[in-house]
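Protein chains in written order, with our numbering: chain X, 29 to 127; chain U, 147 to 542.
Using N, Cα and C, we set each Cβ at its ideal position, and we do this for glycine too.
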């Protein structure tokens with residue numbers, strides 16, 4: 029139910045905080061009140077008639093780089109099966125995801 | 147652009163240096179994200195191979211749980227459970243909002259539907275879910291007015307078009323959905339709609355994660371964290387998982403590569419004894435989430451204790467409409483006789499929802515309980531884990 033569908037804003041009525049969003053060829057109205065900076069041409073995630081996020085291609089690319097890292101470096105990096113489990117490295121709470 | 151200011155993207159991501167030979171993106175600000183890359187079979191195969199190596203290297207069983215119904219459906223659709231190595235289990239958690247809705251709340255909505263002149267609007271999934279003795283679908287068949295809407299905005303329009311009727315939106319959902327409901331209540335106030343109200347059965351994700359982390363029966367080593375819930379919340383609400391439980395979590399999207407990347411990242415952290423909250427869905431989630439949406443929710447709703455199917459009553463896990471908006475609160479406005487709660491005999495949705503029982507291990511699964519004749523909500527909702535296991539013939 030938390031599905032959100034990406035689409036491209038093709039028209040914007042800023043006063044009414046409403047956009048026309050093209051989602052896989054189907055034009056639908058969506059409220060922009062949760063994404064007030066949205067512009068025509070932006071790709072947005074739409075959930076239950078509301079845009080909830082502007083999607084960026086660059087961010088998508090970052091994830092693909094991550095995927096490349098995840099698939100390439102396993103063997104060098106991991107402890108081998110017979111060794112003790114890796115000691116808990118210093119808990120740097122959520123280092124990479126931190127604000 | 148709503149460019150996420152400081153996501154994990156700017157930090158060193160996965161271990162090691164990126165030697166990625168990923169094609170360079172078009173840097174145009176409005177470029178379409180390359181979703182095909184997230185469905186690329188060769189990337190998926192590489193990730194599955196990496197998962198196999200990592201789980202073997204870990205040398206211990208790993209239990210991961212997804213807590214988003216849309217992830218449950220994705221994992222089922224792509225058959226990932228069947229290609230995971232021995233020693234890695236993907237469990238489904240309380241991620242289907244309809245499924246975790248307590249019978250008492252469903253019974254309350256049914257009682258509202260039986261009021262003279264009431265028009266109940268809700269999302270499609272909610273209508274077929276059985277309460278103690280009825281369902282909204284059964285009430286509709288009996289002549290009461292129950293409408294399925296795509297957006298709560300449609301319910302506002304119904305109220306405007308039917309001024310003589312009381313239009314009640316049955317609100318279920320997690321953080322992804324509540325901003326839309328909050329916006330509708332504010333819109334109803336702005337339009338001065340006297341005949342619109344909301345029955346709020348909304349819930350928040352972190353208290354459910356805490357209940358799962360506290361459950362001695364399911365030992366979860368890492369959480370696949372929801373994508374679009376996190377679009378709103380950002381990453382901060384998950385920090386307690388690492389700080390209090392040393393359990394890692396990875397936010398991810400819904401394409402095959404998204405799911406597999408989160409599984410590999412989690413296995414890798416488990417194997418190394420690391421616990422961090424990471425974001426593998428940067429195109430849809432910024433570290434800070436959507437503060438505009440959260441402000442609307444904060445304005446309209448306040449946290450309350452709420453009953454969850456399977457998890458019991460969890461403190462400060464639900465959202466009630468604030469007294470300032472009581473005229474839009476169906477609970478405050480209408481006194482209705484709610485029938486005594488009865489749970490369906492033999493139904494083990496509660497155990498399924500907390501990951502203690504695989505759907506296909508329930509004695510009713512596929513026999514007394516099927517999508518055509520569902521006994522419990524997990525078989526009714528398209529996002530219920532029982533329905534997903536049934537549809538995709540998953541084994542566990």
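Give me the DSSP bridge partner(s) of residue i.
i	result
residue 525 (chain U)	Beta-bridge pairing links residue 525 (chain U) to no other residue.
residue 515 (chain U)	U:511
residue 71 (chain X)	X:36 and X:83
residue 475 (chain U)	U:344
residue 376 (chain U)	Beta-bridge pairing links residue 376 (chain U) to no other residue.
residue 234 (chain U)	U:208
residue 320 (chain U)	Paired residues: none, contrary to the question.
residue 266 (chain U)	U:292 and U:314
residue 447 (chain U)	U:467
residue 381 (chain U)	Note: residue 381 (chain U) sits in no beta bridge, so no partner.
residue 403 (chain U)	Paired residues: none, contrary to the question.
residue 103 (chain U)	In this structure chain U extends from 147 to 542, so residue 103 (chain U) is not present and cannot be described.
residue 247 (chain U)	U:454
residue 331 (chain U)	Per DSSP, none; premise fails for residue 331 (chain U).
residue 350 (chain U)	Bridge partners of residue 350 (chain U): none, in fact.
residue 424 (chain U)	U:396
residue 54 (chain X)	X:51
residue 503 (chain U)	Residue 503 (chain U) pairs with nothing; no bridge assigned.
residue 41 (chain X)	X:46
residue 278 (chain U)	Looking at the DSSP assignment, residue 278 (chain U) forms no beta bridge with any residue, so it has no partner.
Between which residues of its own chain and residue i is the CB-CB distance below 7 Å, once the five residues before and five after are set aside?
i	result
residue 32 (chain X)	73, 74, 75 and 80
residue 333 (chain U)	302
residue 309 (chain U)	341
residue 194 (chain U)	229 and 406
residue 18 (chain X)	Coverage of chain X is limited to positions 29 through 127, which leaves residue 18 (chain X) absent and any answer about it impossible.
residue 468 (chain U)	446, 447 and 448
residue 420 (chain U)	394
residue 417 (chain U)	200, 203 and 204
residue 436 (chain U)	377 and 378
Taking 6 Å as the limit between beta carbons, can you name the residues of its chain near residue i, skipping five residues before and five after?
i	result
residue 382 (chain U)	none
residue 401 (chain U)	184 and 185
residue 363 (chain U)	502
residue 168 (chain U)	Caution applies to residue 168 (chain U), whose pLDDT of 37 falls short of 50 and renders its modelled position unreliable; the value that the coordinates give is listed next. Counting only Cβ-Cβ distances below 6 Å, and skipping sequence neighbours, we find nothing.
residue 488 (chain U)	278
residue 315 (chain U)	267, 298, 301 and 344
residue 387 (chain U)	393 and 395
Taking residue i and residue j to be in contact with their CB atoms under 8 Å, please state how far apart those CB atoms are, rounded to whole angstroms.
i	j	result
residue 179 (chain U)	residue 44 (chain X)	Not confirmed; about 27 Å, so no contact.
residue 247 (chain U)	residue 292 (chain U)	Not confirmed; about 16 Å, so no contact.
residue 439 (chain U)	residue 366 (chain U)	With a Cβ gap of about 28 Å, residue 439 (chain U) and residue 366 (chain U) do not count as contacting.
residue 395 (chain U)	residue 423 (chain U)	5 Å
residue 518 (chain U)	residue 242 (chain U)	That belief does not hold up - the Cβ atoms of residue 518 (chain U) and residue 242 (chain U) are roughly 19 Å apart, past 8 Å.
residue 282 (chain U)	residue 255 (chain U)	6 Å
residue 184 (chain U)	residue 409 (chain U)	Actually they are not in contact, since the Cβ atoms of residue 184 (chain U) and residue 409 (chain U) sit about 14 Å apart, beyond 8 Å.
residue 505 (chain U)	residue 492 (chain U)	About 14 Å; that fails the 8 Å criterion.
residue 357 (chain U)	residue 499 (chain U)	Between residue 499 (chain U) and residue 357 (chain U) the Cβ distance is about 10 Å, and since that is not below 8 Å, they are no contact.
residue 214 (chain U)	residue 30 (chain X)	6 Å
residue 495 (chain U)	residue 455 (chain U)	6 Å
residue 546 (chain U)	residue 391 (chain U)	Residue 546 (chain U) cannot be examined here, being either before or after the span of chain U that is shown, 147 to 542.
Can you give me the Cβ contacts of residue i inside the same chain, cut-off strictly under 8 Å, excluding the 5 residues immediately before and after it?
i	result
residue 110 (chain X)	Per-residue confidence for residue 110 (chain X) stands at a pLDDT of 43, beneath the threshold of 50, marking its modelled position as unreliable; the derived number appears in the next sentence. Hits under 8 Å: none found.
residue 297 (chain U)	326
residue 66 (chain X)	37, 40, 47, 60, 72, 79 and 82
residue 312 (chain U)	261, 263, 264, 265, 341, 343 and 480
residue 490 (chain U)	276, 521 and 522
residue 57 (chain X)	46, 47, 48, 49 and 77
residue 197 (chain U)	230, 231, 234, 406, 409, 410 and 413
residue 353 (chain U)	460, 461, 462 and 463
Next on the checklist: Under 8 Å, CB to CB, which of the residues in the stretch 49-80 of chain X have a partner in chain U?
Outcome noted: 59, 61, 62, 63, 64, 65, 66, 67, 69, 70, 71, 73, 75, 76, 77, 78 and 80
Checklist entry - Using 8 Å as the Cβ pair cut-off and three pairs as the minimum, do the stretch 208-224 of chain U and the stretch 234-248 of chain U touch? => result yes
Item to check | Members of the stretch 371-382 of chain U that neighbour chain X once the beta carbon cut-off is set at 8 Å | outcome: 372, 373, 374, 375, 377, 378, 381 and 382
Next on the checklist: Closer than 7 Å between beta carbons: that is the criterion. Which residues of the stretch 318-330 of chain U meet it against chain X?
Outcome noted: 319, 320, 322, 323, 325, 326 and 329
Next on the checklist: Tell me whether the stretch 342-357 of chain U and the stretch 449-464 of chain U touch, counting them as touching only if at least three CB pairs, one residue from each stretch, are closer than 8 Å.
Outcome noted: yes
Next on the checklist: Tell me which residues of the stretch 414-427 of chain U have at least one Cβ-Cβ distance to chain X shorter than 8 Å, keeping chain order.
Outcome noted: 414, 417, 418, 419, 420, 421, 422, 423, 424, 425, 426 and 427
Next on the checklist: Three or more C-beta pairs under 8 Å: does that hold for the stretch 195-211 of chain U against the stretch 419-434 of chain U?
Outcome noted: no
Next on the checklist: So if I threshold CB-CB distances at 8 Å, which residues from the stretch 194-216 of chain U count as touching chain X?
Outcome noted: 195, 196, 199, 200, 202, 203, 204, 205, 206, 214, 215 and 216
Checklist entry - Taking a cut of 9 Å between CB atoms, which residues from the stretch 90-102 of chain X lie near chain U? => result 90, 91, 92, 93, 94, 95, 96, 97, 98, 99, 100, 101 and 102
Checklist entry - Using a Cβ cut-off of 8 Å, which residues of the stretch 291-310 of chain U contact any Cβ in chain X, in chain order? => result 296, 297, 298, 299 and 300
Checklist entry - Which residues, taken in chain order from the stretch 440-453 of chain U, show a beta carbon closer than 8 Å to some beta carbon of chain X? => result 442
Item to check | Short-range partners of chain X found in the stretch 396-408 of chain U, where Cβ spacing is below 7 Å | outcome: 403 and 407
Checklist entry - What are the residues of the stretch 470-499 of chain U that lie near chain X, defined by any Cβ-Cβ distance shorter than 9 Å? => result none
Item to check | Contact residues within the stretch 221-241 of chain U, judged by C-beta distance below 7 Å to chain X | outcome: none
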